[in-house]
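Contents: one structure, followed by commentary.
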Amino acid sequence: MKRITTYISGLILVFALSSCNDWLTVYPETEVPHNVLLVDEAGFVDAMTGVYVQMKSTSAYGLNLTMTSLEYLVSSWDVTSQSAESYIGTFDYKNDKVKPVFTGIYSQEYKVIAGINSILGAIDEQKENFVTKGMYEQIKGECLGLRAYIHFDVLRLFGPVPTQAGNENILPYVTVLSKDVNPHITFSEFKILLEKDMEEAENLLAVAEEYGNYAGYESIRMSHQALKALKARAHLWFGETSEAYELATEIIGSTDLELGTSANMSEANYPLTVEHIFGMHEYNLRNRYNNNFGNRTLKKGSSSSQVNIELYGNTGTDIREANLWELSTGDNGAQGYILKKYKVSASATSNAFSSDYRRIPLIRLSEMYLIAAETAPSVAEAKVYWSTFKTSRNLANDDVPEDHTQFVKEIVKEYRREFFGEGQAFYAYKRLNVGKEDFLWLPANTLINYVVPLPDSEISYN
0 MKRITTYISG
10 LILVFALSSC
20 NDWLTVYPET
30 EVPHNVLLVD
40 EAGFVDAMTG
50 VYVQMKSTSA
60 YGLNLTMTSL
70 EYLVSSWDVT
80 SQSAESYIGT
90 FDYKNDKVKP
100 VFTGIYSQEY
110 KVIAGINSIL
120 GAIDEQKENF
130 VTKGMYEQIK
140 GECLGLRAYI
150 HFDVLRLFGP
160 VPTQAGNENI
170 LPYVTVLSKD
180 VNPHITFSEF
190 KILLEKDMEE
200 AENLLAVAEE
210 YGNYAGYESI
220 RMSHQALKAL
230 KARAHLWFGE
240 TSEAYELATE
250 IIGSTDLELG
260 TSANMSEANY
270 PLTVEHIFGM
280 HEYNLRNRYN
290 NNFGNRTLKK
300 GSSSSQVNIE
310 LYGNTGTDIR
320 EANLWELSTG
330 DNGAQGYILK
340 KYKVSASATS
350 NAFSSDYRRI
360 PLIRLSEMYL
370 IAAETAPSVA
380 EAKVYWSTFK
390 TSRNLANDDV
400 PEDHTQFVKE
410 IVKEYRREFF
420 GEGQAFYAYK
430 RLNVGKEDFL
440 WLPANTLINY
450 VVPLPDSEIS
460 YN
């Protein structure tokens with residue numbers, strides 16, 4: 000790819016719905032000219048579905064930003080010497096095997112943003128053609144929320160460690176569909192545009208929520224609740240702890256979701272969908288699992304000891320330690336300890352076959368508890384959320400250390416355990432600029448570098 004831009008050549012990929020009752024099962028149907036598609040409510044709904052499908056690309060949240068590349072950055076999986084994955088694990092971003100990986104991520108993120116901007120560029124002109132109450136606010140709010148969500152992840156991956164941000168231009172924040180190369184802006188300017196999108200999205204989604212157009216499917220869309228959770232996550236990144244605490248505790252107190260427990264695990268609900276504030280439904284998750292975990296491409300050790308002892312502390316009670324991993328043996332006798340979080344059964348009689356469990360989590364309620372614990376204004380308040388979280392994982396309610404720095408170290412360990420295979424641990428490490436002494440499984444003599452460089456083509460054009 001010669002340069003990263005937001006131009007789509009005037010075409011939007013449209014996805015048809017398999018049935019009126021199951022819009023989750025989507026398949027590519029055709030390409031329709033932009034000015035034909037975005038003229039009525041149905042066209043905007045189809046285009047919105049297309050955005051979610053683009054997000055499930057393996058270059059984005061379908062793999063690299065959840066299960067693979069971001070996890071290799073924190074040494075989650077075994078690697079082969081001199082492979083791209085091994086170089087990612089040592090932060091060797093200049094390696095020729097590594098460059099295409101992050102170029103692909105960067106490119107796909109801005110492709111999704113381009114699709115979003117195409118919708119936003121047309122929706123106000125066609126507002127009168129929406130026939131369902133609240134649907135205009137729903138689609139526009141989702142678009143603005145997703146644009147913020149994706150830009151924020153681009154910032155978290157390719158931007159500076161937040162406490163080390165300077166005044167140099169770092170990244171583009173793209174708000175219009177254009178052939179022009181988008182100028183890079185500063186960290187503070189990026190933050191302003193991000194906050195603007197989130198604020199407008201929250202207002203629109205609050206209106207849309209009253210009409211319940213996607214009732215029952217809120218957790219797989221950018222809902223009002225998901226937008227507030229995104230804001231809590233962003234406030235934490237920017238060091239705005241009181242705002243992060245206020246939003247995280249508001250979500251905890253108002254949501255119908257609940258923290259997952261061993262009972263959910265026993266029903267094969269390994270991704271704990273009961274606590275998904277925002278996630279992606281992936282109809283073909285079984286194939287994703289088989290091609291990455293089932294064949295032991297993604298594994299940690301050849302027995303349970305490394306994970307159980309070094310990751311979980313060999314508690315014998317932690318529901319993640321007890322339920323999320325299994326020893327897999329290949330036809331050649333090779334073994335690997337693999338994560339079951341995305342395991343989907345082929346048997347219709349199995350709980351793990353359920354369509355409800357075919358989810359890739361993007362924001363979970365457990366993260367709100369960890370944010371609340373970290374940003375609480377007092378030890379007593381921190382203990383409320385910390386204890387509730389630990390209890391749900393069947394762990395002892397350890398006292399919150401008076402030393403906040405030490406407490407944050409404990410929270411980071413939980414990010415590592417809780418979001419294994421979801422890509423969130425790297426962001427926690429980067430936000431806090433975690434040193435080598437607090438890493439797990441970091442290769443010897445590795446120099447940590449949290450700032451992934453932009454693709455060469457992006458640098459040359461800016």
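Position 6 (the sequence shown) corresponds to 5 in numbering that gives the first Met the number 0; numbering is contiguous. Here a beta-carbon is modelled for each residue, glycine too, at the ideal position from N, C-alpha and C. Predicted, not measured: the structure shown is a model, and the values here were computed from it.
Residue burial annotation: aspartate 397 is exposed, with fewer than 16 other C-beta atoms found within 10 angstroms of its C-beta. Just measuring C-alpha positions, the residue of Cys142, Asp437, Ser301 sitting nearest isoleucine 122 is Cys142. For the stretch 48 to 76, the continuous alpha helix (DSSP H) assignments of 4+ residues that do not extend past its boundaries occur at 68 to 71, in sequence order. For threonine 387, the enclosing alpha helix (DSSP H) stretches over residues 378 to 391.
Between valine 97 and asparagine 181, the alpha-carbon positions lie close to 25 Å from each other. Ranked by how close their Cα comes to the Cα of isoleucine 370, the residues His234, Arg285, Pro400, Tyr336 have His234 in first place. Cβ neighbours of glycine 140 within its own chain (closer than 7 Å, five residues either side excluded): Ala200, Leu203, Leu204, Ala207. In this chain, the alpha helix (DSSP H) harbouring threonine 404 covers 403 to 417.
With fewer than three CB-CB distances shorter than 8 Å, the stretch 79 to 86 does not count as touching the stretch 106 to 121. Per DSSP, the beta-bridge partners of asparagine 168 are Thr185. When rounded, the separation of the alpha-carbon atoms in alanine 321 and valine 44 is 41 Å. Here the C-alpha atom of alanine 267 lies approximately 14 Å from the C-alpha atom of tyrosine 288. Annotated three-state conformation of arginine 232 is helix, per DSSP. Looking at His150, Thr65, Phe406, the one whose alpha-carbon comes closest to that of aspartate 196 is His150. Counted as a single uninterrupted DSSP element, the alpha helix (DSSP H) harbouring tyrosine 426 occupies residues 423 to 430. Across the set Glu70, Thr48, Asp91, Asn63, the C-alpha of Asp91 shows the shortest separation from the C-alpha of threonine 445. Of the other Cβ atoms in all chains shown, fewer than 16 fall within 10 Å of the Cβ of valine 130; this residue is therefore exposed.
DSSP assignment within the stretch 259 to 339 yields the following whole beta strand (DSSP E) runs of 3 residues or more, N-terminal first: 275 to 280, 324 to 328, 334 to 338. For the pair phenylalanine 292 and isoleucine 359, the CB atoms are not nearer than the 8 Å cut-off. Selection Phe237, Gly215, Leu226 evaluated against phenylalanine 186 yields Phe237 as nearest (Cα-Cα).
In this structure, DSSP gives leucine 37 a state outside helix and strand, which the three-state scheme calls coil.
Bounds of the beta strand (DSSP E) holding leucine 361 are 358 to 363.
If you draw a 10 Å sphere on the C-beta of tyrosine 148, you find 16 or more other C-beta atoms in it, and that means buried. Residues Ala225, Leu361, Ile362 of the same chain have their beta carbon placed closer than 6 Å to that of phenylalanine 277, with the five preceding and five following residues left out of the count.
Counting only residues of its own chain and dropping the five nearest sequence neighbours on each side, tyrosine 426 has a CB closer than 7 Å to the CB of Arg155.
DSSP places asparagine 128 within a helical segment (H, G or I) once states are collapsed to three. A residue is called buried once 16 or more other Cβ atoms fall within 10 Å of its Cβ, and histidine 280 is buried on that count. If you look at tyrosine 135, you'll find it in the alpha helix (DSSP H) that goes 134 to 157. Judged by beta-carbon spacing, valine 343 lies beyond the 8 Å limit of leucine 431, meaning their Cβ atoms are not closer than that value. Proximity to leucine 453 across Gly49, Ser301, Tyr105, Ser74 peaks at Tyr105, based on C-alpha coordinates.
Taken through DSSP and simplified to helix, strand or coil, threonine 102 comes out as helix. Judged by DSSP in its simplified three-state form, glutamine 81 adopts coil rather than helix or strand. Setting aside the 5 residues that flank it on each side, isoleucine 410 is surrounded in the same chain by Leu369, Glu373, each with a C-beta closer than 6 Å to its C-beta; the list follows chain order.
Taking C-beta atoms under 8 Å as the contact rule, leucine 326 and serine 303 qualify, at a distance of about 6 Å.
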